[in-house]
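Worksheet: one structure, shown below.
Protein chains: 2
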Amino acid sequence: MKLENFNNNLARTSSFHMETVNGIAKTTAATSLHTYAAMYREELVQRILPFWLNHSIDKEHGGFFTCLDRDGSVYDTDKFMWLQGRQVWCFSYMYHHLEQRPEWLEIAMNGARFMEKHGRDAEGNWYFSLTADGKPLVQPYNIFSDCFATMAFAALDKAAPNEHYRNIATQTFENILRRRHNWKGIYNKAYPGTRPLRNFSLPMILCNLSLELEHVIGSERVDAFIPEVIDEVMNVFYQPSLGLILENVNEDGSFADCFEGRLLNPGHAIEAMWFIMDLGKRLGDEQLIRKACNIMLDTIEYGWDKQYGGIFYFLDAHGHPPQQLEWDQKLWWVHVEALVALAKGHTLTGDERCAAWFQKIHDYTWKHFRDAEYGEWFGYLNRRGEVLLPLKGGKWKGCFHIPRSLYQVWKTLEKPVHH
Amino acid sequence: MKLENFNNNLARTSSFHMETVNGIAKTTAATSLHTYAAMYREELVQRILPFWLNHSIDKEHGGFFTCLDRDGSVYDTDKFMWLQGRQVWCFSYMYHHLEQRPEWLEIAMNGARFMEKHGRDAEGNWYFSLTADGKPLVQPYNIFSDCFATMAFAALDKAAPNEHYRNIATQTFENILRRRHNWKGIYNKAYPGTRPLRNFSLPMILCNLSLELEHVIGSERVDAFIPEVIDEVMNVFYQPSLGLILENVNEDGSFADCFEGRLLNPGHAIEAMWFIMDLGKRLGDEQLIRKACNIMLDTIEYGWDKQYGGIFYFLDAHGHPPQQLEWDQKLWWVHVEALVALAKGHTLTGDERCAAWFQKIHDYTWKHFRDAEYGEWFGYLNRRGEVLLPLKGGKWKGCFHIPRSLYQVWKTLEKPVHH
Numbered sequence: 002m003k004l005e006n007f008n009n010n011l012a013r014t015s016s017f018h019m020e021t022v023n024g025i026a027k028t029t030a031a032t033s034l035h036t037y038a039a040m041y042r043e044e045l046v047q048r049i050l051p052f053w054l055n056h057s058i059d060k061e062h063g064g065f066f067t068c069l070d071r072d073g074s075v076y077d078t079d080k081f082m083w084l085q086g087r088q089v090w091c092f093s094y095m096y097h098h099l100e101q102r103p104e105w106l107e108i109a110m111n112g113a114r115f116m117e118k119h120g121r122d123a124e125g126n127w128y129f130s131l132t133a134d135g136k137p138l139v140q141p142y143n144i145f146s147d148c149f150a151t152m153a154f155a156a157l158d159k160a161a162p163n164e165h166y167r168n169i170a171t172q173t174f175e176n177i178l179r180r181r182h183n184w185k186g187i188y189n190k191a192y193p194g195t196r197p198l199r200n201f202s203l204p205m206i207l208c209n210l211s212l213e214l215e216h217v218i219g220s221e222r223v224d225a226f227i228p229e230v231i232d233e234v235m236n237v238f239y240q241p242s243l244g245l246i247l248e249n250v251n252e253d254g255s256f257a258d259c260f261e262g263r264l265l266n267p268g269h270a271i272e273a274m275w276f277i278m279d280l281g282k283r284l285g286d287e288q289l290i291r292k293a294c295n296i297m298l299d300t301i302e303y304g305w306d307k308q309y310g311g312i313f314y315f316l317d318a319h320g321h322p323p324q325q326l327e328w329d330q331k332l333w334w335v336h337v338e339a340l341v342a343l344a345k346g347h348t349l350t351g352d353e354r355c356a357a358w359f360q361k362i363h364d365y366t367w368k369h370f371r372d373a374e375y376g377e378w379f380g381y382l383n384r385r386g387e388v389l390l391p392l393k394g395g396k397w398k399g400c401f402h403i404p405r406s407l408y409q410v411w412k413t414l415e416k417p418v419h420h
Numbered sequence: 002m003k004l005e006n007f008n009n010n011l012a013r014t015s016s017f018h019m020e021t022v023n024g025i026a027k028t029t030a031a032t033s034l035h036t037y038a039a040m041y042r043e044e045l046v047q048r049i050l051p052f053w054l055n056h057s058i059d060k061e062h063g064g065f066f067t068c069l070d071r072d073g074s075v076y077d078t079d080k081f082m083w084l085q086g087r088q089v090w091c092f093s094y095m096y097h098h099l100e101q102r103p104e105w106l107e108i109a110m111n112g113a114r115f116m117e118k119h120g121r122d123a124e125g126n127w128y129f130s131l132t133a134d135g136k137p138l139v140q141p142y143n144i145f146s147d148c149f150a151t152m153a154f155a156a157l158d159k160a161a162p163n164e165h166y167r168n169i170a171t172q173t174f175e176n177i178l179r180r181r182h183n184w185k186g187i188y189n190k191a192y193p194g195t196r197p198l199r200n201f202s203l204p205m206i207l208c209n210l211s212l213e214l215e216h217v218i219g220s221e222r223v224d225a226f227i228p229e230v231i232d233e234v235m236n237v238f239y240q241p242s243l244g245l246i247l248e249n250v251n252e253d254g255s256f257a258d259c260f261e262g263r264l265l266n267p268g269h270a271i272e273a274m275w276f277i278m279d280l281g282k283r284l285g286d287e288q289l290i291r292k293a294c295n296i297m298l299d300t301i302e303y304g305w306d307k308q309y310g311g312i313f314y315f316l317d318a319h320g321h322p323p324q325q326l327e328w329d330q331k332l333w334w335v336h337v338e339a340l341v342a343l344a345k346g347h348t349l350t351g352d353e354r355c356a357a358w359f360q361k362i363h364d365y366t367w368k369h370f371r372d373a374e375y376g377e378w379f380g381y382l383n384r385r386g387e388v389l390l391p392l393k394g395g396k397w398k399g400c401f402h403i404p405r406s407l408y409q410v411w412k413t414l415e416k417p418v419h420h
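Line by line, the protein sequences are chains A and B.
Residue 2 is where the first sequence starts when you use our numbering, and the numbers rise one by one after that.
Residue 2 is where the second sequence starts when you use our numbering, and the numbers rise one by one after that.
What follows is the structure in structure tokens.
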């Protein structure tokens, strides 16, 4: 698709859905989101992957620069392990699932070599960040570096099967499970015993990681693992009285009336719900899928900024001021993960609210986050949807949510579904 | 002064200076800021101190609630040691310097009793936060809890001399000096040796703390201490090539080209410059005062938001995107500390740029931060100067910068000065 056609298509779909979205009314005829599929593929292949291919590769030391300005120029050379792992995952995944382009595999291997050589301490924990030439900068205080390293090496093993990659993935996964209940370790600043809280992030990521690792750890182990993580997400962190998912709860699963306990991160909950829908699909559990879809819709409804549009980054469950000063900002990953969740929700359940919300959030997202001039999308908007930071990548934004979501939406909507 | 008069006065001073501010032109006749003094006193005594007196006292457990909503209602009961210490300091200071109101001393003592009973671990380090009833919540990872505890007990000792208070102040101060060069201790996430950085915060606070402690540690010790902290601030963190103060530098004082090294916190630098002017006044060092005043003016000029007004929270010295998502917000303490620095700068040097900037920032601050309906001021505005969080106090905002600054500006401008 040429860019002009693409823009015409964007305009056409926009005007098409303006009637249906109003008040999120359910339409009587089944809505098809199928017409969106091609533009998601086009954006991924023509504008997103080339941006990272052209600008992020460190040809001298290996690995990736992720601090990229609007036009792709490197403004900082530190290497953050979350993002090294995520980019290895991304190009391995695209090579395996989309097209076997040799340069995509080479990018993934370039990152994996750097990670393997420099990324771990003596106990096999992954550092948080390194200098450009691989010296450790920030200690392995953050277990999500390990989660994304596991995903990276498991995906690379799918793209180019190799026992060596599988071993790194397996060892890191076992290490995550070992550290699971005390993953902050010596870096934990909470005084022991006063207010022990359980955090949503790790169970949430394990929902996705378990499926990513199936070829490495085996289906039996995944089968045994899945009910446990589903239970944590849907029965511990989801609070029926609120109708929402909390980021932190007391050890017994009850509500903790403090900043951490009141914290809502709508994007987090929405993303988790498509992980759960994926698990529900694997289990053939339609009730689980419907429950996840409903929670996702309730979260979007709650998190949507009625004044300026977009989904808030953080909210307080009691409506108090959140401690996060960035609470009202609109972040890229929140919106593209919502599009994935809505596309999956609509395809799997036929719920028309998913179609209406998809169209509304598609419009917001493509209008505000997409950069028509350069590839890759903006990451951080202020409440009004204006660009807050012109960067395309930084300490936390890399080659991950945008390409993964474009791929997921494309593939989910590729085949017309009639409910 | 009645509120109507007060507002008239505000309007009058606003229109008065509109000609002089334009382009920060130097006026030929010496400007007097003396007319502002009364409104700063009035606001402090009538609207700020009563707010904390009425809403923050925990009558059950002692200590202070600081998470106060717009109207003063308590929305969270955790107790943050920075703010416990700062409020003890504030009411002790006002009792000693402003008026010996028994209820002010009782508030200070109420906070001190709570701090003394619950605030320290076995090594005498001050916790970061406690539950309402005094159980430790967050470990003593942050040495600024200790700094404000020292200030609190030293000020209380001035208000109600007592060896016991002096001992706590002295012991805590010695502990700060002992931990000074490795104050993050076990909570330091930086990998040792790769990129050791020196941070501006502690030397900056020690500039102020040394004077606050003079009656406790003695003048000789302060005399010996002052040149060292002045040297750190003015010769290490101030970078002549940039004309600005950096938050972090390499161990040898050179520029570190990374997120931390490029970080500018204009409010921090501006506040430090009035600490330096106070030290310059004590030393009778006019050259030091002029240098501090010039750095302060350059920082305000650099940090001022030419589009929407107000001083940015964070900037990158190379103009790259800062990692702090809240970079463009306008914070209360930045603006009121700038008013103190400008009042002192004008009074001490007669530099007319100080008067013009004082008038401009006074207008911005009183218009956007002041809450005409309830006491105490808002703390967090978005870039446009709209209220971002309606709170009057929280985890980081308590009874400190607003009352201290109102007092400092009032006292600095109280006597008409003719240069």
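Note that beta-carbon positions come from the ideal geometry of N, C-alpha and C, so glycine has one too.
Cross-chain neighbours of residue i in chain B, by beta carbon under 8 Å
i, result
"Val46(A)", "In chain order: nothing, as chain B lies at least about 27 Å away."
"Glu327(A)", "Leu326 and Glu327"
"Leu382(A)", "Within chain B, no residue comes near Leu382(A); the closest Cβ sits about 11 Å away, beyond 8 Å."
Bounding residues of the alpha helix (DSSP H) (the contiguous stretch that carries residue i)
i, result
"Arg87(B)", "Met82 to His98"
"Asp134(B)", "No alpha helix (DSSP H) contains Asp134(B), which DSSP labels as neither H nor E."
"Tyr41(A)", "Ala38 to Glu44"
"Val223(A)", "Ser220 to Asp232"
"Lys361(B)", "Glu353 to His369"
"Pro103(A)", "Pro103 to His119"
"Trp53(A)", "Leu50 to His56"
"Ile277(A)", "Pro267 to Leu284"
"Gly262(A)", "Phe260 to Arg263"
"Glu302(A)", "Glu287 to Gly304"
"His165(A)", "Glu164 to Arg180"
"Ala155(A)", "Phe145 to Ala160"
Residue i - containing beta strand (DSSP E), residue span
i, result
"Asn428(B)", "This structure leaves residue 428(B) out entirely; chain B is present only between 2 and 420."
"Val388(A)", "Val388 to Leu390"
"Val341(B)", "Taken as a continuous stretch (DSSP letters only), Val341(B) belongs to no beta strand (DSSP E), being part of the alpha helix (DSSP H) at Trp333 to Thr350."
"Tyr408(A)", "No beta strand (DSSP E) contains Tyr408(A), which is instead part of the alpha helix (DSSP H) from His402 to Leu414."
"Asn200(A)", "Leu198 to Asn200"
"Tyr76(A)", "Val75 to Asp77"
Which listed residue (the options) has its alpha carbon closest to that of residue i
i, options, result
"Asp299(A)", "Ala270(A), Tyr94(A) and Ser202(A)", "Ala270(A)"
"Asn55(A)", "Trp105(A), Tyr303(A) and Val237(A)", "Trp105(A)"
"Asp70(B)", "Arg283(B), Tyr375(B) and Thr350(B)", "Tyr375(B)"
"Ile227(B)", "Leu212(B), Val237(B), Asn236(B) and Gln240(B)", "Leu212(B)"
"Gln49(A)", "Val89(A), Phe115(A) and Asp372(A)", "Strictly speaking, residue 49(A) in this sequence is Ile, with Gln absent from that position. Comparing Cα positions, the closest option is Asp372(A)."
"Ile403(B)", "Phe370(B), Leu382(B) and Thr413(B)", "Phe370(B)"
"Val335(B)", "Phe315(B), Leu326(B) and Arg354(B)", "Phe315(B)"
"Ala344(B)", "His363(B), Arg222(B), Val75(B) and Gly310(B)", "His363(B)"
"Glu338(B)", "Val388(B), Leu407(B) and Ala293(B)", "Leu407(B)"
"His98(B)", "Asp158(B), Asp77(B), Glu117(B) and Asn111(B)", "Asp158(B)"
Integer-rounded CB distance, given that residue j should sit under 8 Å from residue i
i, j, result
"Phe401(B)", "Cys91(B)", "6 Å"
"Thr195(A)", "Phe174(A)", "So it is not a contact: roughly 32 Å between Cβ atoms."
"Phe149(A)", "Tyr166(A)", "Actually they are not in contact, since the Cβ atoms of Phe149(A) and Tyr166(A) sit about 14 Å apart, beyond 8 Å."
Residue i: CB within 7 Å of a non-hydrogen atom of the ligand NAP
i, result
"Pro322(A)", "For the ligand NAP, the structure offers nothing, since it holds no ligand at all."
Partners in chain B for residue i, counting only beta-carbon separations shorter than 9 Å
i, result
"Arg222(A)", "Here the premise fails: no neighbours, minimum Cβ distance about 33 Å."
"His321(A)", "Cys68, Asp70, Tyr76, Asp77 and Leu392"
Partner residues on chain A for residue i, Cβ-Cβ distance less than 8 Å
i, result
"Tyr188(B)", "Tyr188 and Lys190"
"Phe260(B)", "Asp77, Asp79 and Lys396"
"Val139(B)", "Lys190, Ala191 and Tyr192"
Taking three-plus beta-carbon pairs below 8 Å as touching, is the region 167–175 of chain B in contact with the region 130–139 of chain B? No: the two stretches stay apart, fewer than three of their Cβ pairs being nearer than 8 Å.
Counting pairs of Cβ atoms below 8 Å between the region 250–269 of chain B and the region 313–321 of chain B, do you hit three or more? yes
Tell me whether the region 174–191 of chain B and the region 232–248 of chain B touch, counting them as touching only if at least three CB pairs, one residue from each stretch, are closer than 8 Å. In short, these stretches do not touch, since the Cβ pair count stays below three.
Are three or more beta carbon pairs between the region 278–288 of chain B and the region 204–212 of chain B nearer than 8 Å? yes
Three Cβ pairs or more, each shorter than 8 Å: is that satisfied between the region 140–157 of chain B and the region 77–89 of chain B? yes
Pair every Cβ in the region 347–360 of chain A with every Cβ in the region 289–305 of chain B, then say whether three or more of these pairs are closer than 8 Å. No, the region 347–360 of chain A is not in contact with the region 289–305 of chain B.
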